[in-house]
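Everything below concerns the one structure shown next.
Residue numbers (the working numbering): 807 to 1600.
Now the structure itself:
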């Protein structure tokens, strides 16, 4: 599900569309772009200014709009034989030796950040990283939680004794001298490139609002020193809409439409904010007009980046709030449930709950391992900001029990977030009828979501009360036996049948997710033994849904290697004539149906890997490793080769970092070829740099992580945002965030830090840092102003 944006994206599958006037966008499959597909796409470069001093940083795009660039050729030609890969969209191209080490422009016309630094031809130094990581480091770049993103392999490693860090070809990370620390900010971008705020700092929050709106409009008017004019204007439009400046916001939206090119992403979120404000005032006519304009703009959604899903989800929630369920459903059905969608959902929950805490938002159970994440995120937003009854009605239209119960759980969390905390928490009255009609799995998922909301409000007692009710229901779920591989004739005749001829797996999936939700909540509330018991039961329920993927793979391998034997067995089993062409066709059909069975079994195995990864994150490494090894050594339908998946390398890394030599030996004994993935190294470097008090080195190490084509950027985005919204404090968070080389994650991080500074009453410090730091371009500054405004009480 993770197509690369450099290639022409496959169209999303089209669902049956209800009758409607407006067409809806096609949100593409997830991007594997490692380096810039995060939050807001860049516009076309402005008129180039003189080139700044060279560096070897391919993510140093702060002033990309100002640089004079030469294009990358899509095909090799005479003199253009050096292959380069765009760090944003991963499109390959070819350059001359003269272009090496200089800024070049991607040959993909849809690339959101097309300007990048081509690698130099000179040799690079090896990185030397200090060994070991302190507990303070864990608080900065610690594991954000396995609930961060279902479908992810969680790459931040656990603290442990000294471990030899693999060497990586990258820029050497060194401790800066005091003089370097003093000058490092100004050295990132030449002095004078950014206009500083020169008037007096705000005297209070009211003054801060006035000045923020004034300055964000100024930022939006700048043609130079900006990452993207449309994005900067989008930020300005959102801030103005949030503070009731409707006319001014619409003026910015008009300007966005004029310069936004073929993408409608920049218009949607400001229009959605205006529409919700209109609904709150009771002006449904005005809200409908804004919704219609946003729906029209959605036809031009960008083809890469998380912001396409951000916009589509926000618009879908508005449509639900307006009772336009059919249009909302079409939007949501076209959003794939992948890492990009989960990152978008976490971003939405962190902002809309007003906590601006990415780690806390990532714990919401209904966002974890969800068959349709966007539907849950949409239901949450619609129930939180609009009429919960409309959101609940829409959630009940989900296509299967697992998606429906996750969406209803999202509604329960949203409604609970809007009411005062209670010691005896249960499902809110708004969902009483749905709770009464639900199966045990649905009841459990709603109760755990209520507990999630109570924990978000720091109501431990309320969360414990909801958990107790969920535990009682979970005790009544009994797992069935593991499903065996169907007989040869059943596999052959499964062609054209849903789920590769297996029974509908969604009921078992729903029960497994419910048990995993209870288990995770128990582990979070200091009930780890009980949590492990429920997790094992959830894994058993999963095994009853499909056969073992590894057993199916073995049977498929046999069918491909022993074709003559398979034909003979099929002739006997199906009573076929001894006709060679017909027997070959029968064998082909049998292999094709085995492949379909393998795909559905792999999805079940992947879900089990997520459950186990989340358990490791909760401190259950010593329980997970023996279970994984036991399943690895099993035979037949009981075998599950977890160590061959990314989970294996992650477990080895976790065991090494925790100093668990016995677990390391057990893992390597079960799989002699098991290795720690190379893409962990940059994160190890980042943490070591933090340990050494070197935020610039940490940011530089993360640049290498983003450049790694073997990882999805969305996972790293959530970890970075979780770190800066944790317990770092405003100054340390800003010191790290403003140095991030990737412009998209930098803007998101700065925006959240500004919002958190309002909650923590440290906004004067954030304002001062923003004014004094010349390394920020106008888009960065606009993101900070929006962050201030977004956190102010309405």
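Glycine included, every Cβ here is placed at the ideal spot set by N, Cα and C. All values reported here derive from a predicted model rather than from experimental measurement.
In chain order, what residues of the same chain have a beta carbon less than 8 Å from the beta carbon of residue i, not counting five sequence neighbours either side?
| i | result |
| --- | --- |
| residue 1191 | 1082, 1123, 1127, 1158 |
| residue 1427 | 964, 1457, 1460, 1461, 1464, 1466, 1469 |
| residue 1601 | Outside the displayed span of the chain (807 to 1600) sits residue 1601, for which this structure offers no information. |
What would DSSP say about residue i, mapped onto helix, strand or coil?
| i | result |
| --- | --- |
| residue 922 | strand |
| residue 911 | strand |
| residue 934 | Bear in mind that the predicted position of residue 934 carries a pLDDT of just 35, short of 50, making it too unreliable to give a figure here. |
| residue 1070 | coil |
| residue 1584 | helix |
| residue 1592 | helix |
| residue 973 | Residue placement at residue 973 cannot be trusted, given a pLDDT of 33 that sits under 50; what the coordinates show is reported in the next sentence. Residue 973: coil per DSSP, three-state reduction. |
| residue 766 | The structure shown does not extend to residue 766, since the chain is modelled only from 807 through 1600, so no value can be given for it. |
| residue 1170 | coil |
| residue 1233 | coil |
| residue 1481 | coil |
| residue 1509 | helix |
| residue 1299 | coil |
| residue 1544 | coil |
| residue 927 | coil |
| residue 1312 | helix |
| residue 1289 | coil |
| residue 1032 | coil |
| residue 966 | Residue confidence for residue 966 is low, a pLDDT of 29 falling below 50, so the modelled location carries little weight; the figure read from the coordinates is stated next. The answer is coil: DSSP assigns residue 966 none of H, G, I, E or B. |
| residue 1145 | helix |
| residue 1258 | helix |
| residue 1500 | coil |
| residue 1443 | helix |
| residue 1380 | helix |
| residue 1319 | helix |
| residue 1225 | coil |
Sorted by chain position, which residues of the same chain lie with C-beta nearer than 7 Å to residue i's C-beta, five sequence neighbours on each side aside?
| i | result |
| --- | --- |
| residue 778 | Since the first and last residues shown for the chain are 807 and 1600, residue 778 lies out of range. |
| residue 1555 | 1526, 1527, 1530, 1543, 1546 |
| residue 1163 | 1156, 1531 |
| residue 1047 | 1055, 1076, 1079, 1080, 1083 |
| residue 1501 | 1541, 1542, 1545 |
| residue 1233 | 1218, 1241, 1252, 1253, 1256 |
| residue 1285 | 1343, 1346, 1347, 1350 |
Please state if the CB of residue j and the CB of residue i are separated by a distance shorter than 8 Å.
| i | j | result |
| --- | --- | --- |
| residue 913 | residue 879 | yes |
| residue 1092 | residue 1062 | no |
| residue 1179 | residue 1148 | yes |
| residue 1476 | residue 1449 | yes |
| residue 907 | residue 924 | yes |
| residue 1007 | residue 1573 | yes |
| residue 1218 | residue 1280 | no |
| residue 1445 | residue 1354 | yes |
| residue 1198 | residue 1236 | yes |
| residue 1403 | residue 1358 | yes |
| residue 1399 | residue 1283 | no |
| residue 1074 | residue 1026 | no |
| residue 1431 | residue 1480 | no |
| residue 1447 | residue 1310 | no |
| residue 1294 | residue 1375 | yes |
| residue 1372 | residue 1308 | no |
| residue 1258 | residue 1368 | no |
| residue 1143 | residue 1116 | no |
| residue 1208 | residue 1316 | yes |
| residue 1041 | residue 1581 | no |
So what does residue i bridge to, in DSSP terms?
| i | result |
| --- | --- |
| residue 888 | 901 |
| residue 883 | 886 |
| residue 877 | 911 |
Who are the Cβ neighbours of residue i in its own chain at under 6 Å, not counting the five residues just before and after it?
| i | result |
| --- | --- |
| residue 903 | none |
| residue 891 | 898 |
| residue 1314 | 1347, 1350, 1351 |
| residue 1096 | 1077, 1080, 1081 |
Stretch pair the region 1290-1306 + the region 1452-1462: three plus CB contacts closer than 8 Å:
no
Does the region 1232-1248 come into contact with the region 1214-1221, if we say contact requires no fewer than three beta-carbon pairs (one atom in each stretch) closer than 8 Å?
Contact holds: three or more Cβ-Cβ distances are below 8 Å.
Counting Cβ pairs, one atom from each stretch, are 3 or more of them under 8 Å apart for the region 1320-1330 and the region 1338-1354?
yes
Does the region 1581-1599 touch the region 1012-1027, meaning 3 or more C-beta pairs lie closer than 8 Å?
yes
Any 3 or more C-beta pairs closer than 8 Å across the region 1416-1425 and the region 1363-1374:
no
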